[in-house]
Amino acid sequence: MSMYDYVIVGAGSAGCVLAARLSEDPDVRVALVEAGGPDTAQEVHVPAAFPQLLKSGLDWDLDSDPEPGIGDRRTYLPRGKVFGGCSSINAMIYIRGSRADYDGWAATGATGWSYDEVLPYFKRSEDNERGADEHHGAGGPLTVSEGRSEHPLATAFVRAAQQAGHKANDDFNGPSQLGVGRYQLTQRGGMRCSSAVAFLHPALERPNLTVLPSARAHRVVVEGGRAVGVEVERGGAVEVVRAEREVILSAGAYESPKLLMLSGIGPAALLSALGLEVLRDLPVGQGLQDHYMTLLNFRTDTESLVSAASPENAALLQSEGRGPLSSNVAETGGFFRSRPELAAADVQFHAAPVLFHQEGLGPVSEHGFSFGPCVLAPTSRGAVTLRSPRPDAAPRIVHNYLTTAEDRDSLVAGIRIALEIAAQQAVTELVTSPYDVPASDSDADLLAWAQRSGQTLYHPTSTCAIGSVVDPELRVYDVEGLRVVDASVFPTVPRGNTNAPTIMAAEKAADLIKGATTGKGSA
Numbered sequence: 008m009s010m011y012d013y014v015i016v017g018a019g020s021a022g023c024v025l026a027a028r029l030s031e032d033p034d035v036r037v038a039l040v041e042a043g044g045p046d047t048a049q050e051v052h053v054p055a056a057f058p059q060l061l062k063s064g065l066d067w068d069l070d071s072d073p074e075p076g077i078g079d080r081r082t083y084l085p086r087g088k089v090f091g092g093c094s095s096i097n098a099m100i101y102i103r104g105s106r107a108d109y110d111g112w113a114a115t116g117a118t119g120w121s122y123d124e125v126l127p128y129f130k131r132s133e134d135n136e137r138g139a140d141e142h143h144g145a146g147g148p149l150t151v152s153e154g155r156s157e158h159p160l161a162t163a164f165v166r167a168a169q170q171a172g173h174k175a176n177d178d179f180n181g182p183s184q185l186g187v188g189r190y191q192l193t194q195r196g197g198m199r200c201s202s203a204v205a206f207l208h209p210a211l212e213r214p215n216l217t218v219l220p221s222a223r224a225h226r227v228v229v230e231g232g233r234a235v236g237v238e239v240e241r242g243g244a245v246e247v248v249r250a251e252r253e254v255i256l257s258a259g260a261y262e263s264p265k266l267l268m269l270s271g272i273g274p275a276a277l278l279s280a281l282g283l284e285v286l287r288d289l290p291v292g293q294g295l296q297d298h299y300m301t302l303l304n305f306r307t308d309t310e311s312l313v314s315a316a317s318p319e320n321a322a323l324l325q326s327e328g329r330g331p332l333s334s335n336v337a338e339t340g341g342f343f344r345s346r347p348e349l350a351a352a353d354v355q356f357h358a359a360p361v362l363f364h365q366e367g368l369g370p371v372s373e374h375g376f377s378f379g380p381c382v383l384a385p386t387s388r389g390a391v392t393l394r395s396p397r398p399d400a401a402p403r404i405v406h407n408y409l410t411t412a413e414d415r416d417s418l419v420a421g422i423r424i425a426l427e428i429a430a431q432q433a434v435t436e437l438v439t440s441p442y443d444v445p446a447s448d449s450d451a452d453l454l455a456w457a458q459r460s461g462q463t464l465y466h467p468t469s470t471c472a473i474g475s476v477v478d479p480e481l482r483v484y485d486v487e488g489l490r491v492v493d494a495s496v497f498p499t500v501p502r503g504n505t506n507a508p509t510i511m512a513a514e515k516a517a518d519l520i521k522g523a524t525t526g527k528g529s530a
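Residue numbering for the sequence shown follows my numbering, starting at 8 and increasing by one per position.
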């Protein structure tokens with residue numbers, strides 16, 4: 008039996024930050040438990056290669072249950088099973104979300120999580136190559152850079168959107184989200200800068216940090232109302248890794264609620280039905296949100312990323328850190344209000360210089376490009392529940408995509424914006440034929456196409472939300488010594504890609520945890 012001060016479950020975007028920040032104190036012993044292994048695969052670090060990681064051994068390869076709002080389709084849900092977690096297999100887009108998101112959290116009880124209160128934590132992580140200003144930080148561990156690919160097919164989307172009357176925006180994390188432009192990325196020298204690269208790797212040589220790879224957490228061990236450790240399986244043997252101070256779950260919006268429920272913390276009726284002892288009756292797993300995305304796909308004669316893996320491009324990446332292999336695929340995009348009366352964006356676009364269809368798993372053997380909207384501020388809510396009391400069983404996941412009229416209206420309006428952009432000269436001069444687009448521009452055909460072709464944007468949140476499962480300091484209600492620190496604690500999904508907010512939450516949590524010990528914390 009091993010003993011540490013803190014035991015963190017999950018070496019993903021949040022867990023790497025926590026491991027690094029908590030182990031800064033040489034008198035604190037930190038254990039980081041990770042089901043996957045080191046992020047040594049070349050496909051992790053070469054940005055354009057990340058689609059090759061889908062359904063690989065570095066992917067949890069989850070599926071939803073039948074989704075009632077999209078014709079009972081099951082959706083593919085990739086999640087990183089490797090140091091860095093999803094930050095090692097994602098598209099590296101650095102987006103914080105809208106001020107309205109965080110101010111909305113604070114207004115509904117998430118004390119301390121308003122935009123002005125979380126901004127210092129975003130800035131503390133950030134090393135933006137543009138330098139520091141009122142919106143950005145410099146000198147932090149996480150490199151935020153301009154994309155080094157600038158593929159003409161991705162640029163064509165921005166040009167076409169401007170031709171359609173949408174304004175340019177060179178900083179989606181600045182004064183306003185609205186408009187179109189190029190995304191800033193978590194890249195360093197044209198290569199991926201994951202949470203593992205930025206935070207974990209520099210901390211690995213500290214003697215007070217122990218990483219346990221290929222270790223599957225089974226449950227949190229609770230004694231006398233206090234979390235005292237984690238039951239872990241490694242190499243076929245089960246052991247308890249004990250924590251003197253705290254257990255911290257950073258396993259993500261699907262796995263963190265699963266671990267809580269396996270530990271007897273969750274909806275009493277659901278746990279009892281599986282024969283699990285109920286320690287705390289909490290709405291764990293409820294409230295799931297995600298961004299649902301659709302992409303128009305077009306054929307073109309212009310060279311796309313399908314031919315990026317050439318010796319010349321490999322040499323360009325190695326020597327200069329740029330070129331097609333440095334592409335994050337979703338190079339450009341933008342934020343839109345589908346109705347002028349909305350206070351903030353409800354639609355986000357991603358544009359890729361390659362065909363991207365069948366949930367990113369479809370064959371790509373010809374040149375093409377794709378772009379389209381997601382429902383950015385969904386009102387639908389789903390749930391993560393247990394399928395079995397076995398820790399190796401995948402959870403039951405239902406997002407309830409498009410089950411509300413608001414979400415359907417938002418997506419249909421977003422597709423109309425996409426069709427308007429597709430009709431502009433910057434796009435039409437490149438298109439040879441449609442590859443996957445709606446049958447017509449009627450509401451019925453737009454919705455039917457979205458239900459058939461849409462997919463997750465890989466942003467699950469809110470299954471252990473502040474105010475329902477954890478308090479504003481991310482402590483699980485009625486269980487001493489137990490916190491959840493990952494995207495599952497977000498009261499709602501932010502308006503944008505969720506990696507940066509997850510890192511922010513871990514930065515803030517590190518201060519909260521240190522403050523619980525020292526009586527103070529700072530931004």
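Backbone N, C-alpha and C fix where the C-beta goes; we use that ideal spot for every residue, glycine too.
Where does residue i land, buried or exposed, given buried means 16+ other C-beta within 10 angstroms?
i	result
A26	buried
S30	buried
G87	buried
P508	buried
D134	buried
K265	buried
V419	buried
G503	buried
D70	exposed
A280	exposed
A98	buried
R28	buried
E136	exposed
Out of curiosity, what's the CA-to-CA distance linking residue i and residue j?
i	j	result
P445	L303	8 angstroms
V125	S105	12 angstroms
A515	I473	The amino acid at residue 515 is misidentified as Ala; the sequence shows Lys. Approximately 14 angstroms between the Cα atoms of the pair.
S529	V438	In this prediction, S529 scores a pLDDT of 41, lower than 50, which makes its location untrustworthy; the coordinate-derived value is nonetheless stated afterwards. Taking the straight line joining both Cα atoms gives about 53 angstroms.
G328	A316	14 angstroms
G505	S372	The sequence given here places Thr at residue 505; Gly does not occur at that position. Cα to Cα, the separation comes out at about 31 angstroms.
T339	I100	10 angstroms
P441	P209	47 angstroms
T525	Y11	Interpretation of T525 is limited by its pLDDT of 49, a score under 50 that renders its predicted location unreliable; the figure taken from the coordinates is listed afterwards. Taking the straight line joining both Cα atoms gives about 18 angstroms.
G488	Q431	57 angstroms
E253	W456	48 angstroms
N215	H406	40 angstroms
I96	F90	10 angstroms
E427	G64	40 angstroms
Assuming residue i and residue j are in contact, meaning their beta carbons sit under 8 angstroms apart, how far apart are those beta carbons, in whole angstroms?
i	j	result
P398	R223	7 angstroms
A390	L295	6 angstroms
G461	M300	6 angstroms
V24	F206	5 angstroms
V476	G232	Actually they do not touch by this definition, with Cβ atoms about 16 angstroms apart.
P54	N335	5 angstroms
Considering only C-alpha positions, which residue in the set the options is nearest to residue i?
i	options	result
S257	V14, Y109, D518	V14
V248	T217, L519, A18, A175	T217
A117	H142, Y299, P479	P479
G421	R233, G341, T386, E487	G341
N320	A56, A139, G138	A56
T410	D79, Q49, A42	D79
E212	V37, I77, P501, D485	V37
A250	S326, R490, H52, S183	R490
A276	G367, V285, Q365	V285
P274	H298, V227, L454, Q293	Q293
H357	A451, G186, A203, G330	G186
S202	P318, A359, V151	V151
P148	V382, A171, R131, H158	R131
D452	R423, V477, A433	R423
L519	N335, Y128, P380, W112	Y128
Could you check whether residue j and residue i sit closer than 8 angstroms to each other, using their CB atoms as the reference points?
i	j	result
S333	S156	yes
L267	C93	no
E238	V229	no
T499	D110	no
L61	P85	yes
Y408	E74	yes
T392	P385	no
G144	L192	no
S345	L362	no
G375	T435	no
P380	V354	yes
A352	L383	yes
A260	P467	yes
D443	H364	yes
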